[in-house]
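Undergrad: Have a look at this one.
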Amino acid sequence: MRRFFSPLSSALNDNPHHRRLTIGLVVLLLASGVTAYSIAPLSPADSTLPVRQLIEAVTPTATTAPIDQEAVVPMVLYRSEFTRTSDSANTLLQRLGVSDNAATKFLVNDKASRTLLAGTPGKFVSIEADGQQRLLRLKALWPNADGVQFSRLVVERGANGYTSRVEMEQLQSSVRLASATVRNSLNAAAAQAKLPGTIATQLVSVYSRVADFRDVLRAGDSFRVVYEILEADGEVLRVGKLLGAEFVKKDRRYQVMWFEQAGQKGGFYTLDGQSIDRKAMKLPLDASVSSDYGMRIHPVFGKPKTHEGIDFAVASGTPIRSAADGIVSFAGWQKGYGKFVLVKHRDQKATAYAHLSRIQVRKGQRVVLGELLGSVGQTGTATGPNLHFEYLVKDRPQDPDNIARQPADISISSTNSSEFKRMALAMRRHLEVAPLVAMTTVE
Ligand SMILES: [Zn+2]
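Here the UniProt record's numbering is used: the first residue of the sequence shown is 1, the next is one more, and so on.
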């Protein structure tokens, strides 16, 4: 009997070579210590998958009762569907091509069978029916709430009518690879690559964190994806987590991987171990604050005025470093501020640096956290060499103390570093072969 795979897996499994490759990759990933991930249920779109149907002649076996020579060859109809919110036993069986009152009645009255239409819809159901559209066997699969096991409901017709049973087993985790070249947008390309919705969302989110906010993917750029799926009896029941991704933008290549350190929240890292959660910012130099943020008597004008930043009174020439990754949006003279640098960061944040003696960046330049912007000086309205530093959110000054309180970058602990390296190596291999495996998925 020919196996029917759901569309998610068919692209990989239709070709025996691809199947072998997939299995090899699964082994790789398992060997590299991937364990549990948070899991998202199949998106609603997945429940509108086309019905798959196969009619097949059954070869009577020796134990089968002799059949009437005149009778047509017994036919067995195989169909599968996903349960819907609006389903009753009747509508579900109808959609599966079954017209069988006894079966409908059994599904309605049998306690185990009632679980099929209770709870979350989207359960995978496959049936076998005879030539008279009577139900011979029904199997339903759905993931359990723990995300580790699945339930299998089996309803079978025997000599004394229908029987049912529910079994529980471990979900099988495996990886899927995909790749695509962007024509319009990352979102459109993700759809073109037939990525499950939850994976596409994670991909867009990861890209926004890994790349500069100005670096939108454009036509000709590409991505590769490695993600987890959970299967039962060869059917994809759940889409797991995005495990890794590669983005190629002109000459830039970003590779990231999901990693979970023992006792810590998991996150995405570059393959050399840098967390991509760069929400953390750092103060521009390592010195104590000489003048706080807030209302104060202005040192030059002698009147109460809100101090919209903090000052560091340090020696002229002290290096000033960018508080976060970003783009220099101003570098030059600004009245009162003297030699002044403004850097825009992601999430509508910006940082400003005033009274510099020397500016070492230019407008439009991309800078990373800690990159040298210039040196402390006394230009503009200043009573002595100092760095006046501002932290802005949506163009409004905030207390830069908030930056100091933000958690530092999460780095890989030394106890986890060998495991991280092993996983990064496996991920690199996955990403290398992604375009080969995913060809059938994309076109
Ligand atoms: Zn100041």
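Backbone N, C-alpha and C define an ideal beta-carbon position, used for all residues, glycine too. Every value quoted in this text rests on a predicted model; they were computed, and no experiment measured them.
Sorry if obvious, but does the Cβ on G332 come closer than 7 Å to a heavy atom of ligand 2?
TA: This structure lacks ligand 2; the ligands present are ligand 1.
Undergrad: Measure the C-alpha to C-alpha separation of A323 and D277 and round it to an integer number of angstroms.
TA: Taking the first residue of the sequence shown as position 1, residue 323 is located at position 323. Taking the first residue of the sequence shown as position 1, residue 277 is located at position 277. Roughly 15 Å between the two C-alpha positions.
Undergrad: Quick test of your reading: A352 and F340, contact by CB under 8 Å. State the CB separation rounded to the nearest angstrom.
TA: Numbered from its first residue, the sequence shown carries residue 352 at position 352. Numbered from its first residue, the sequence shown carries residue 340 at position 340. That pair is a contact at about 7 Å.
Undergrad: Looking only at DSSP bridge pairs, what is Q170 linked to?
TA: Counted from its first residue, the sequence shown places residue 170 at position 170. DSSP output for Q170 lists Q149 as bridge partner(s).
Undergrad: Where P121 and R84 are concerned, what is the direct C-alpha to C-alpha distance, given to the nearest angstrom?
TA: Start at 1 with the first residue of the sequence shown, and residue 121 comes out as number 121. Start at 1 with the first residue of the sequence shown, and residue 84 comes out as number 84. Going from the Cα of P121 to the Cα of R84 covers about 5 Å.
Undergrad: I'd like the ranges of any beta strand (DSSP E) spanning at least 3 consecutive residues and lying wholly in the UniProt domain "M23ase beta-sheet core" (306 to 400).
TA: The qualifying runs are 310 to 312, 319 to 321, 326 to 334, 338 to 344, 349 to 359, 372 to 376, 387 to 393, 396 to 398.
Undergrad: Measuring CA to CA, which of S329, Q348, H345 is closest to G364?
TA: On the sequence shown, residue 364 is found 364 positions in, with the first residue counted as 1. Residue S329 is the option with its Cα nearest to G364.
Undergrad: Looking at L283 and P385, is the spacing between their C-beta atoms short of 8 Å?
TA: Here the question's residue 385 lines up with position 385 in the sequence shown. Here the question's residue 283 lines up with position 283 in the sequence shown. For P385 and L283, no; Cβs fall outside 8 Å.
Undergrad: Figure out for me which residue from Y293, P319, P304, T318 has the closest Cα to the Cα of F311.
TA: Here residue 311 corresponds to residue number 311 of the sequence shown, with the count starting at 1. A small fix is needed here, since residue 311 is Asp in this sequence, not Phe. For the residues Y293, P319, P304, T318, the minimum Cα distance to D311 belongs to Y293.
Undergrad: Nearest-angstrom Cα distance between L107 and N416?
TA: The residue given as residue 107 occupies position 107 in the sequence shown. The residue given as residue 416 occupies position 416 in the sequence shown. Between L107 and N416, the C-alpha separation is close to 51 Å.
Undergrad: Just grab the DSSP bridge partners of I297 for me.
TA: Position 297 of the sequence shown, counted from the first residue, corresponds to residue 297. P304.
Undergrad: Relative to ligand 1, is the shortest distance from any of its heavy atoms to the C-beta of G309 smaller than 7 Å?
TA: The residue you call residue 309 lines up with position 309 of the sequence shown. At least one heavy atom of ligand 1 is nearer than 7 Å to the Cβ of G309, so yes.
Undergrad: If you measure from the CB of L291, is any heavy atom of ligand 1 nearer than 7 Å?
TA: On the sequence shown, residue 291 is found 291 positions in, with the first residue counted as 1. One detail in the question is off: residue 291 reads as Ser in this sequence, not Leu. Flag set: Cβ of S291 near ligand 1.
Undergrad: Using only alpha-carbon positions, find the residue among S126, K139, L369, K394 that is nearest to Q274.
TA: If you number the sequence shown from 1, residue 274 lands on position 274. Among S126, K139, L369, K394, the Cα nearest to that of Q274 belongs to L369.
Undergrad: How many angstroms separate the CA atom of A103 from the CA atom of L177?
TA: Sequence index remark: in the sequence shown, residue 103 carries index 103 (1-based). Sequence index remark: in the sequence shown, residue 177 carries index 177 (1-based). Rounded to the nearest angstrom, the two C-alpha atoms are 40 Å apart.
Undergrad: Using alpha carbons as the reference points, say which of N187, D146, E419, S113 lies closest to V154.
TA: As a working note, residue 154 is residue 154 in the sequence shown. With distances taken between Cα atoms, V154 lies closest to S113.
Undergrad: Along the chain, where does the beta strand (DSSP E) containing T270 start, and where does it finish?
TA: Against the sequence shown, residue 270 aligns to sequence position 270. Per DSSP, T270 belongs to the beta strand (DSSP E) from 267 to 270.
Undergrad: Does the pairing of the stretch 125 to 138 with the stretch 90 to 100 give three or more beta-carbon distances under 8 Å?
TA: Segments in contact, yes.
Undergrad: How big is the Cα-Cα spacing for A354 and V393?
TA: If you number the sequence shown from 1, residue 354 lands on position 354. If you number the sequence shown from 1, residue 393 lands on position 393. Using only the alpha carbons, I get a separation of about 18 Å.
Undergrad: Let me check you understand the geometry: is the CB of H298 closer than 7 Å to at least one non-hydrogen atom of ligand 1?
TA: Residue 298 sits at position 298 when you count from the first residue of the sequence shown. Checking the Cβ of H298 against ligand 1 gives no.
Undergrad: Between H388 and ligand 1, is there a pair consisting of the residue's CB and a ligand heavy atom that are separated by less than 7 Å?
TA: Here residue 388 refers to the residue found at position 388 when the sequence shown is read from its first residue. Indeed, a heavy atom of ligand 1 lies less than 7 Å from the Cβ.
Undergrad: Where does K105 sit, in a helix, a strand or coil, going by DSSP?
TA: Walking along the sequence shown from the start, residue 105 turns up at place 105. Helix, per DSSP.
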